[in-house]
Structures are given as structure tokens and as C-alpha cells.
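Working notes for the structure below.
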Amino acid sequence: MLSRPLTLRLLLAAAAAYVLLHGLSMAVCSAHAAAISYCFVIVATLLAVTGCIRRAQAGPADMRLPWTMVGVGILLWCCGAALEGWQELVQHVSSANASSSDFIIFIFGVPILLAISTPTRQDRRLFFVWLDSIQAVMTAYLIYLAFFTVSPFTHKPIEPISASTLILIYTVENLVLAGSASLRLFAHQRKGDSHYFYWALTCFLWIYTICIAISNYVYLTNHGNTGFYDLLSDLPFLFLAAASVLLVRGRTEDSPVFDRGKLMLFIDNLSPTFFTAALFLLSFAVMRQHFYAGIVSALLALSIYSIRTTMLQSLSVRAEQRLREAHDRLEAISLTDSLTGVANRRHFDRTLEMEWNRTVRTRHPLALLIIDIDYFKKLNDRYGHPHGDRCLIRIAQAMRDGLPRSGDLLARYGGEEFLLLLPTTDQAGAELVAARMQKAVASLDISYEPEHRTTISIGLAVSEHPHSGTTAELIDAADDALYRAKKNGRDRVEIGVFGVRHLKVE
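Our numbering puts the first residue of the sequence shown at 139, with every later residue one more than the last.
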């Protein structure tokens with residue numbers, strides 16, 4: 139495979155040779171220079187069309203439509219140029235006024251403007267493509283009215299605009315297309331295939347605008363004789379053909395960029411309305427001579443804009459709702475222990491701080507239990523860690539199911555230890571809950587040895603006077619009580635010292 143610099147040099151050499159061959163052919167066969175120019179220009183456009191279609195087929199899925207639209211636009215230009223050559227060389231049609239070939243050449247900008255105004259987002263919808271297609275048909279109809287002052291297929295005598303007016307309209311169209319593409323390129327500061335597409339299209343349109351403007355100026359000043367200035371018509375299409383062949387440097391999948399400025403985001407979101415704005419302007423331009431056609435077109439543009447805005451707003455609301463739901467799911471995951479499904483330490487710390495502040499305000503008691511599974515290491519050593527994990531899950535679920543209130547929080551402290559926070563619960567209530575936890579675990583009948591069943595030890599501390607002490611002291615008091623419970627034989631509840639001193643052994 140050829141390297142990119144070598145490929146670029148070969149393409150530049152091929153383009154230069156093509157233009158040189160075009161010029162030599164005109165010089166050698168000067169009597170048929172016009173026919174030769176038409177042939178070379180048509181071949182150049184066909185090369186560009188082929189390159190665009192191949193790029194659309196080989197590129198990523200989200201860039202197929204833009205490249206295809208550009209290829210369709212260039213193909214329309216090619217058909218218009220071929221028809222213009224036939225009319226000039228065979229039918230000898232006067233070029234003083236606009237003809238059907240001029241109309242076809244002019245509407246090459248319709249699919250290109252569609253490509254420019256197509257959103258870069260991944261969620262393009264077929265419904266929007268249909269809306270843009272309706273606008274494209276209506277735009278072509280208005281352009282025909284502007285060129286010939288009558289509707290197509292009416293068999294009425296046409297009144298085409300003059301060549302000078304036509305060239306002015308051509309220039310305005312080219313500037314609008316090049317300017318719109320430049321805005322998209324400016325607002326699309328990312329690397330990858332889509333950035334390359336807007337770069338190639340912008341360069342092509344500016345080269346085309348400059349070359350065609352020079353050629354048209356010479357056409358007007360030299361009374362239709364452009365001579366070797368016809369070579370300029372090759373350049374933009376040869377550039378596009380070469381650009382469609384080159385691979386994107388450092389090609390990566392396009393991904394949204396979230397740090398773009400407000401102006402860039404504004405232009406990117408405004409781009410789908412470029413075509414609607416063009417339809418509005420054309421509607422007002424033809425309204426003087428074709429009032430009803432202009433009114434209908436303007437109303438159609440307004441309706442399409444309203445439908446598009448409503449659909450985008452609905453999509454935005456749904457996307458925001460999905461983001462909110464995803465955020466809630468992630469929040470729940472971040473607050474849940476992945477093994478047991480109960481709350482994790484982060485959830486416990488947050489809830490403890492909240493309940494402590496509430497306790498200080500309301501002066502209600504707050505109880506904390508630290509629960510440890512007795513001889514859990516022996517269970518792991520005897521049956522293995524997978525079996526131990528399954529037992530841990532069963533124990534956590536049994537204790538959670540045994541909670542008397544939904545506001546009580548069971549959290550995994552680490553390893554085989556759990557925390558149980560009981561808001562608005564005094565010592566007597568906490569002891570009842572501790573007994574329920576012991577009973578729930580005992581009912582599972584999990585053995586760590588043939589004759590020994592798994593039990594739990596509990597350290598309990600109660601904040602009866604929330605105006606004194608801290609959450610850390612409450613945890614320390616429960617932890618000290620748990621230590622005593624394990625030291626005194628396990629499978630028991632000990633009451634920690636916090637605030638008013640209590641000490642009880644069960």
C-alpha cells in the first residue's frame with residue numbers, strides 16, 4: 139500500500155498531467171476547442187462523482203449520506219454541462235439567456251446544501267431525510283420559476299433571465315454554499331472522517347467559486363469566448379476526486395466533543411435550518427411574480443421548520459429523560475455493594491451523616507449495630523470462597539428481609555461485617571432488632587463445621603443525647619461492643635458506651 143505523501147504526490151502529478159493534456163488538446167485542435175473542453179470537464183466531473191460514491195461505500199455509515207449527496211450534486215452538474223455542450227455545439231442554442239442546462243447546473247447546489255445541513259449526530263432519522271427531500275423538490279421548483287418565470291410542464295412560453303443575471307445568481311449560490319460549508323468546518327473541530335469531509339467539501343467549493351467566477355467574468359467580457367480559461371473548470375473537480383481517494387490521517391471513530399465553545403455549538407445546531415432558510419429566501423424572491431407559489435412555499439418552509447423543531451425538542455426531552463434514568467441507575471450502583479446487593483460503605487456514610495443531622499435537630503435517638511459473622515473464615519477455608527460468597531449473600535438478604543422498617547439501612551462494612559442504622563430507635567428497640575437479625579441468620583441453618591451452625595455477633599450503640607458526641611464516636615462505641623461480643627463467646631449482643639453509659643451482656 140502506498141504511503142500518504144507518495145499517494146498525494148501521484149495524485150497531484152496526475153491532476154497536473156490532466157490539465158496539461160486538456161490545454162495541449164485545445165491548442166492542437168483549436169477548431170474543436172469547445173468540444174474538447176466539454177469532454178475534459180465532463181470526464182473530470184465523472185471522476186469526482188466516482189470518488190464520492192466510492193468514499194460513501196467505503197467510509198463509516200454516518201458519512202454515507204453526505205458523500206452520496208455531494209456525488210449526486212456533481213452528477214447533476216455533469217448532466218447540465220453535457221446538455222449545455224449539446225445545445226451549444228449541436229443545436230446552436232443562444233447563450234444570451236438561461237436554458238434548461240443552466241437550470242440543471244444551478245440545482246447541483248441543492249443536494250450539496252443538503253449535505254452541508256445534514257446533522258453530524260449519530261441519531262439521524264429517516265423522517266428528517268424525508269423533510270429535507272420535500273424541501274429539495276420545492277427548492278428546485280422555485281429555481282425553475284426564477285429562471286424561466288413559468289411553472290414546469292405547463293407548456294406556456296418561457297421568459298428566461300439574461301446571461302448576466304444568471305452569472306450573478308451563480309456567484310451568489312456558490313458563495314452561499316462555500317460560506318455554509320466553512321461554517322460547518324469551523325463548528326466541527328474534531329478529527330476523523332466527518333472533519334475530513336467538511337474540509338474537502340469546503341476546499342472544493344471555494345476552489346469552484348473562484349474558478350467559475352473567473353471563467354464567467356471572461357465569458358461576459360469576451361462575448362462568450364473563454365479560451366484556455368476553460369482549464370479552470372477542471373481544477374475543483376480534480377481536487378474533489380483526489381480528496382475522495384486520500385485516506386484520513388490518523389483515522390479514528392468520531393466521538394462527540396463536549397468542550398466546544400458556545401458559538402461552535404450554535405452553528406452546529408443551526409446547520410439543519412440552512413436549507414429551510416434558503417427555501418424561505420427563494421419563496422420571497424419569486425413572490426412578486428408568482429404570489430401564490432411564493433406563499434405556499436414559505437408556508438411549507440415554516441411548517442417543515444416547526445415540525446423539525448418539535449421533533450428535535452421531543453428527542454431532546456427523551457434523551458434528557460434517558461440520561462436522568464441512567465444517572466439514577468449509576469447512582470444506585472455506586473451506592474450498592476456489588477456482591478450482596480445491600481448498601482455499601484459510601485451509602486452508609488452518606489445516610490449516617492444525614493440521619494445524625496436530623497437527630498440533632500429533632501433530638502430523637504439513633505441506634506447503630508455492627509454485625510460480624512462468627513467463624514466465617516473457617517467456612518471459607520472449609521468450603522472455598524465461592525461457597526462463602528453465596529452464604530454471605532444469603533445472610534445479607536435474610537437480615538435485610540428481617541428489617542422492620544423501610545427507613546432502616548443495612549450496609550456491608552467490609553469482609554463479613556455489616557452495619558445496621560436504625561433512625562428514631564432507642565436501646566430497647568435496637569435490642570429487639572438485633573434479636574431479629576440473630577434469628578434470621580440462625581434460620582438459614584448454614585454450617586461452617588458439621589456440628590456447628592453459623593451465627594452472628596452484634597455490637598450495639600445508641601445516641602440518646604445527640605447534642606453530644608460525633609458519628610465517629612458512635613461507630614467506635616458499636617465497634618468496641620462488637621469486640622466484647624466476640625471476646626465473650628460470640629453469638630451475642632453487647633451494648634456500647636456512648637453518651638449515657640450502658641453496659642449489658644446477653
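Yeah, the Cβ is synthetic: ideal placement off N, Cα and C, and Gly gets one too. Here the structure is a predicted model, which is why all the values come from computation and not from measurement.
- Collapsing the DSSP output to three states places Pro-561 in a strand.
- Gln-576 counts as buried, since no fewer than 16 other beta carbons sit within 10 angstroms of its beta carbon.
- Contact between Leu-370 and Ile-352 is confirmed by a C-beta separation of about 6 Å, below the 8 Å threshold.
- In this structure the segment 510-525 does not lie against the segment 443-460, because fewer than three pairs of beta carbons, one per stretch, are closer than 8 Å.
- The continuous alpha helix (DSSP H) containing Asp-487 extends over residues 483-500.
- Taking 9 Å as the cut-off, the beta carbon of Leu-417 is found closer than this to the beta carbon of Leu-280.
- Judged by DSSP in its simplified three-state form, Phe-556 adopts strand.
- Per the DSSP secondary-structure output, Asp-510 pairs in a beta bridge with Glu-555 and Ser-595.
- Around the Cβ of Arg-528, a 10 Å sphere holds fewer than 16 other Cβ atoms; the residue is exposed.
- In terms of Cβ geometry, Ser-300 and Asn-354 do not form a close pair [threshold 9 Å].
- Judged by their CB atoms, Asp-629 and Ser-585 are not nearer to each other than the 9 Å cut-off.
- For Ala-505, the three-state secondary structure derived from DSSP is strand.
- In the three-state reduction of the DSSP assignment, Ile-584 falls in the coil class, being assigned neither a helical nor a strand state.
- A distance of 9 Å or more separates the beta carbons of Asn-626 and Ala-549.
- In the DSSP assignment, Val-310 falls within the unbroken alpha helix (DSSP H) covering 301-324.
- Secondary structure note for Glu-611: its alpha helix (DSSP H) is the uninterrupted segment 609-625.
- Boundaries of the beta strand (DSSP E) around Ile-633: 631-633.
- The residue from Gly-607, Tyr-430, Ile-405 and Gln-195 with its alpha-carbon nearest to that of Pro-503 is Gly-607.
- Under the Cβ criterion (8 Å, minimum of three pairs), the segment 404-422 does not count as touching the segment 187-207.
- Going by DSSP, Glu-602 is part of no alpha helix (DSSP H) at all; its letter is neither H nor E.
- No Cβ-Cβ contact shorter than 9 Å links Leu-214 with Ile-180.
- Each of Ser-318, Ser-168, Leu-384 and Phe-246 was checked against the Cα of Gly-189, and the nearest Cα belongs to Leu-384.
- Rounded to whole angstroms, the gap between the alpha carbons of Phe-422 and Ala-152 is 45 Å.
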